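**Student:** Numbering (full-length UniProt numbering), first residue to last: 1 to 408.
Each residue gets a CB set at the ideal place from its N, CA and C atoms; glycine is no exception.
None of these values were measured; they are calculated from a predicted model.
Written out as structure tokens, the structure reads:
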């Protein structure tokens with residue numbers, strides 16, 4: 001009984017599953033049997049009329065063959081060698097209960113609480129019938145027998161009720177965990193679609209421009225190159241998500257922030273023209289402005305942040321991109337004159353699945369934040385409603401060392 005109740009408390013399914021749960025039950029049973037048999041006075045009749053049927057029924061019905069057989073073996077050893085009960089009646093009655101329990105084990109697990117208790121009662125009365133038939137001397141104490149039977153019925157009901165509810169809670173928790181996993185998969189897929197759509201939208205813009213008959217061959221070649229670059233950027237994003245599923249350390253190398261901004265300017269310009277947004281670039285006096293990072297990750301971050309700034313200005317406006325070296329490190333400042341954000345929106349910026357856009361996923365900025373952290377960067381926001389947003393990216397502790405190495 002104690003083994004059963006203790007087993008309920010310390011065996012969460014996510015820590016102990018399959019054979020580990022069965023072995024843990026056997027270990028608990030062994031330890032408690034040792035202390036009960038050596039240090040606790042037990043009435044031999046209570047042992048065979050109450051402890052054996054309750055514990056054996058619990059073990060074989062809920063946990064199956066291995067715990068059931070071990071419980072059968074442990075209690076029969078204790079009954080004969082320690083309490084000196086007759087071996088034949090106890091072995092016969094417990095064997096009958098064990099075999100019936102193994103036969104009913106699968107149906108028992110699939111049944112309702114009422115069905116579980118009904119099956120347990122059948123096993124309990126079968127055990128009592130065989131035991132009392134082979135040991136009629138127990139019938140001389142009818143009141144004692146009735147008391148033990150009532151106690152066994154109550155104990156069986158209590159253990160089954162507790163165990164059933166614990167199991168049900170475990171199942172509910174498991175379903176909730178699985179539901180959260182499926183929801184996360186769906187949101188991650190939506191985020192991936194969002195990230196891929198950014199460069200593809202820009203490539204589509206260049207392809208639309210290429211339909212103009214007035215284009216020169218030089219412009220046409222340039223736009224083809226930009227469109228291909230956008231597709232390559234989408235492919236790189238897919239690779240990033242695959243790498244996210246199986247993380248690995250990317251190639252960290254010196255990159256020039258000013259050159260990275262120049263590389264994404266054609267994509268930004270295409271989108272800005274469609275939204276009537278003016279772009280102003282304020283490069284640092286220091287050239288090159290070097291940090292340690294990955295070029296494709298930096299371009300993805302710049303593209304995402306500038307696109308967010310442009311989308312925040314549906315009626316047009318101004319987007320400023322500034323680079324500088326400060327006492328803190330290398331900085332990139334992106335400012336727009338868009339709709340801005342309220343304080344509560346600003347506090348939630350960058351949190352998973354939070355977005356202020358109708359069709360946004362709320363994962364783009366989270367990906368940016370993750371990529372910047374991998375390059376020892378941090379991102380900060382300042383914003384006021386209807387006055388725009390200031391995004392500050394800071395790469396700490398890289399500036400001085402890279403400045404020296406860049407001049408060598």
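Should residue 63 go down as buried or exposed, given a rule of 16 or more other Cβ atoms within 10 Å for buried?
**Tutor:** Per the 10 Å Cβ criterion, buried.
**Student:** Name the two residues that bound the continuous alpha helix (DSSP H) containing residue 95.
**Tutor:** Note, residue 95: alpha helix (DSSP H), 87 to 110.
**Student:** By the three-class DSSP mapping on this structure, what secondary structure does residue 388 have?
**Tutor:** Of the three classes helix, strand and coil, the one that applies to residue 388 here is strand, per DSSP.
**Student:** Quick test of your reading: residue 289 and residue 323, contact by CB under 8 Å. State the CB separation rounded to the nearest angstrom.
**Tutor:** The pair is a contact, with the Cβ atoms about 6 Å apart (cut-off 8 Å).
**Student:** Closer than 7 Å by C-beta to residue 247: which residues in its own chain qualify, once you throw out the five before and the five after it? Chain order, please.
**Tutor:** Low confidence applies to residue 247: its pLDDT is 42, below 50, so where it sits in the model is not reliable enough to give any reading.
**Student:** Given the structure, does residue 340 come close to the ligand GTP, in the sense that its CB is under 7 Å from one of the ligand's heavy atoms?
**Tutor:** Within the structure as shown, the ligand GTP is missing, as the structure has no ligands at all.
**Student:** For residue 157 and residue 179, what's the separation of their Cα atoms in angstroms?
**Tutor:** Distance between the alpha carbons of residue 157 and residue 179 is about 33 Å.
**Student:** Identify whether residue 294 lies in helix, strand or coil by the three-state DSSP scheme.
**Tutor:** Of the three classes helix, strand and coil, the one that applies to residue 294 here is coil, per DSSP.
**Student:** Unbroken beta strand (DSSP E) runs of length 3 or more, entirely within the segment 276 to 330: which are they?
**Tutor:** Listed in chain order, the complete beta strand (DSSP E) runs (minimum 3 residues) inside the segment 276 to 330 are 277 to 282, 290 to 293, 317 to 325.
**Student:** Let me check understanding here. Comparing Cα to Cα, which of 374, 138, 149 lies closest to residue 124?
**Tutor:** Per the Cα distances, 149.
**Student:** What does DSSP give as the partner residue(s) for residue 377 in the beta ladder?
**Tutor:** Paired residues: 395.
**Student:** Going by DSSP in three states, residue 256 sits in which element: helix, strand or coil?
**Tutor:** In the structure shown, residue 256 sits in a strand (DSSP, three-state: E or B).
**Student:** Please classify residue 220: is it buried, with 16 or more other beta-carbons within 10 angstroms of its beta-carbon, or exposed?
**Tutor:** Exposed, because fewer than 16 other Cβ atoms sit within 10 Å of the Cβ of residue 220.
**Student:** Residue 92 and residue 122 look like a contact to me (Cβ under 8 Å); what is the Cβ gap, rounded to whole Å?
**Tutor:** No, residue 92 and residue 122 are not in contact; Cβ-Cβ is about 17 Å, not under 8 Å.
**Student:** Is the beta carbon of residue 389 closer than 8 Å to that of residue 309?
**Tutor:** Yes, the pair counts as a contact, with Cβ atoms nearer than the cut-off.
**Student:** Anyone know if the C-beta pair for residue 332 and residue 393 falls short of 8 Å?
**Tutor:** In contact: residue 332 and residue 393 (Cβ atoms closer than 8 Å).
**Student:** Give the secondary structure of residue 222 by DSSP, where H, G and I count as helix, E and B as strand, and everything else as coil.
**Tutor:** Helix.
**Student:** For residue 160, count the other beta carbons within 10 Å of its own beta carbon; 16 or more makes it buried, fewer makes it exposed. Which is it?
**Tutor:** It counts as buried.
**Student:** For residue 335, which residues does DSSP report across the bridge?
**Tutor:** Its beta-bridge partners are 320, 390.
**Student:** Do residue 61 and residue 104 come within 8 Å of each other at the CB atom, strictly closer than that value?
**Tutor:** Taking 8 Å as the Cβ cut-off, residue 104 and residue 61 qualify as a contacting pair.
**Student:** Alpha carbons only, please: which of 48, 307, 99 is nearest the one belonging to residue 77?
**Tutor:** Per the Cα distances, 48.
**Student:** Specify the secondary structure class of residue 383 as computed by DSSP and reduced to three states.
**Tutor:** Looking at residue 383 - three-state DSSP - the assignment turns out to be strand.
**Student:** Along the alpha helix (DSSP H) that carries residue 129, what are the first and last residues, could you check?
**Tutor:** Element bounds for residue 129: 113 to 134.
**Student:** Residue 169 and residue 199: beta carbons closer than 8 Å?
**Tutor:** Not closer than 8 Å, so no.
**Student:** Do you know offhand how far residue 228's Cα is from residue 205's?
**Tutor:** So the two alpha carbons sit approximately 12 Å from each other.
**Student:** According to the Cβ coordinates, are residue 395 and residue 291 closer than 8 Å?
**Tutor:** Result yes, Cβ atoms of residue 395 and residue 291 sit closer than 8 Å.
**Student:** In chain order, what residues of the same chain lie with their CB nearer than 6 Å to the CB of residue 278, ignoring the 5 residues before and after it?
**Tutor:** Cβ within range, chain order: 318.
**Student:** Quick one: residues in its chain with C-beta nearer than 6 Å to the C-beta of residue 385, no 5 flanking neighbours on either side, listed in chain order?
**Tutor:** Cβ within range, chain order: 340, 342.
**Student:** Over what stretch of residues does the alpha helix (DSSP H) that includes residue 55 continue unbroken?
**Tutor:** Here the alpha helix (DSSP H) through residue 55 covers 52 to 58.
**Student:** Using the rule of at least 16 other Cβ atoms within 10 Å of the residue's Cβ for burial, across every protein chain shown, is residue 264 buried or exposed?
**Tutor:** Under this definition residue 264 is a buried residue.
**Student:** Would you identify the three-state DSSP class for residue 45, choosing helix, strand or coil?
**Tutor:** Reduced to three states, the DSSP call for residue 45 is helix.
**Student:** Between the alpha carbons of residue 369 and residue 311, how many angstroms are there, rounded?
**Tutor:** Cα to Cα, residue 369 sits roughly 19 Å from residue 311.
**Student:** Thinking C-alpha only, which one of 167, 285, 142 is nearest residue 112?
**Tutor:** Closest by alpha carbon: 167.
**Student:** Excluding the five sequence neighbours on either side, which residues of its own chain have a C-beta within less than 8 Å of the C-beta of residue 119, listed in chain order?
**Tutor:** Excluding residues within five positions, the ones whose Cβ falls inside 8 Å are 61, 104, 107, 108, 111.
**Student:** Would you kindly work out how many angstroms separate the C-alpha atoms of residue 235 and residue 163, rounded to a whole number?
**Tutor:** Looking at the two C-alpha atoms, the distance is approximately 52 Å.
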